[in-house]
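K.L.:
Under this note's numbering, the first residue of the sequence shown is numbered 654, with each subsequent residue one higher.
This structure is in structure tokens; I'll ask about it shortly.
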Amino acid sequence: MNKLFLLLVSLLLSWNAVALELEGARLDDRVQVENAQLVLNGAGVRSILFFKMYVAGLYLGEKKNSAEAILADTGAKRIALHVVVGDAGTERFLKGFRKGIENNHSEQELVALRERMNAFDQLFAAIKEVKKGDVIAIDWLPGGSMRVSLNGAELGRVPGEDFYRALLSIWIGKNPVSGELKKGLLGG
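Structure follows, in structure tokens:
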């Protein structure tokens, strides 16, 4: 009887650690960003034509189902991109990020973001490609900076909450890269 109880407890604990699995990517139910415990708000798959590129997971301090509420939230956040496509050049990802930002901002807003967009691009300069199974984590750290990591190794930081909101707009803005992905990230 004790063995059965221990087996059930271990199954429940392991089930609770992974909130979701999509396209082979396992998304944790909770993540730690600095001193903040974040919960998985939602997730979805980014596809281009017939190619599934990555699974995105959005982590917040508490669940929200409105893009406006998420963009207005000044607390810690994480967008985690789990690469599911075979090896791909980082330039392909960066081009997609730029286009997503451009589709959600005016020319005047883009001018204000340009220097930080270039700094963001430079974080990936040493990495020529990402591989299936890699995880790109883009964290908002309250106090002024965004941290970008690849497989847990920090690539660098870019200042400005407005730039972090600009990045989030790629997935949950008025003109997201995918309506289905936006719906998933908003918990729908």
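Heads up, the beta-carbon is just placed ideally off N, CA and C, and yes, glycines get one too.
Count the other CB atoms within 10 Å of the CB of residue 811; is the residue buried (16 or more) or exposed (fewer)?
P.N.:
Here residue 811 corresponds to residue number 158 of the sequence shown, with the count starting at 1. That one is buried.
K.L.:
Please classify residue 839: does DSSP put it in a helix, a strand, or coil?
P.N.:
The residue given as residue 839 occupies position 186 in the sequence shown. Coil, per DSSP.
K.L.:
For residue 837, collect the residues of the same chain with a Cβ closer than 7 angstroms to its Cβ; drop the 5 residues on either side in sequence, then sort them by chain order.
P.N.:
Counting from 1 along the sequence shown, the entry for residue 837 is found at position 184. Once the five neighbours on either side are set aside, the close Cβ partners of residue 837 are 695, 696 and 697.
K.L.:
Identify whether residue 781 lies in helix, strand or coil by the three-state DSSP scheme.
P.N.:
Your numbering for residue 781 matches position 128 in the sequence shown. The answer is coil: DSSP assigns residue 781 none of H, G, I, E or B.
K.L.:
Exposed or buried, residue 701, counting other C-beta atoms within 10 Å across all chains shown (16 or more means buried)?
P.N.:
On the sequence shown, residue 701 is found 48 positions in, with the first residue counted as 1. Residue 701 should be labelled exposed.
K.L.:
How far does the beta strand (DSSP E) with residue 704 in it extend, from its first residue to its last?
P.N.:
Locating residue 704 in the sequence shown gives position 51, counting from the first residue. Per DSSP, residue 704 belongs to the beta strand (DSSP E) from 704-713.
K.L.:
Please report how far the alpha carbon of residue 802 lies from the alpha carbon of residue 718, in whole angstroms.
P.N.:
Looking up residue 802 in the sequence shown gives position 149. Looking up residue 718 in the sequence shown gives position 65. When rounded, the distance between both Cα atoms is 26 angstroms.
K.L.:
What number of angstroms, rounded off, separates the C-alpha of residue 662 from the C-alpha of residue 684?
P.N.:
Numbered from 1 along the sequence shown, position 9 holds the residue referred to as residue 662. Numbered from 1 along the sequence shown, position 31 holds the residue referred to as residue 684. Residue confidence for residue 662 is low, a pLDDT of 43 falling below 50, so the modelled location carries little weight and cannot support an answer.
K.L.:
Which residue spans inside the stretch 750-838 form an unbroken alpha helix (DSSP H) run of at least 4?
P.N.:
You should have 760-776, 814-825 and 832-838.
K.L.:
Rounded to whole angstroms, how far is the Cβ of residue 783 from the Cβ of residue 789, which I believe are closer than 8 angstroms?
P.N.:
The residue given as residue 783 occupies position 130 in the sequence shown. The residue given as residue 789 occupies position 136 in the sequence shown. Correct: roughly 7 angstroms between the Cβ atoms.
K.L.:
Is the beta carbon of residue 736 closer than 7 angstroms to that of residue 704?
P.N.:
For the purposes of this step, residue 704 is identified with residue 51 of the sequence shown, where counting begins at 1. For the purposes of this step, residue 736 is identified with residue 83 of the sequence shown, where counting begins at 1. No, the pair does not count as a contact, with Cβ atoms beyond the cut-off.
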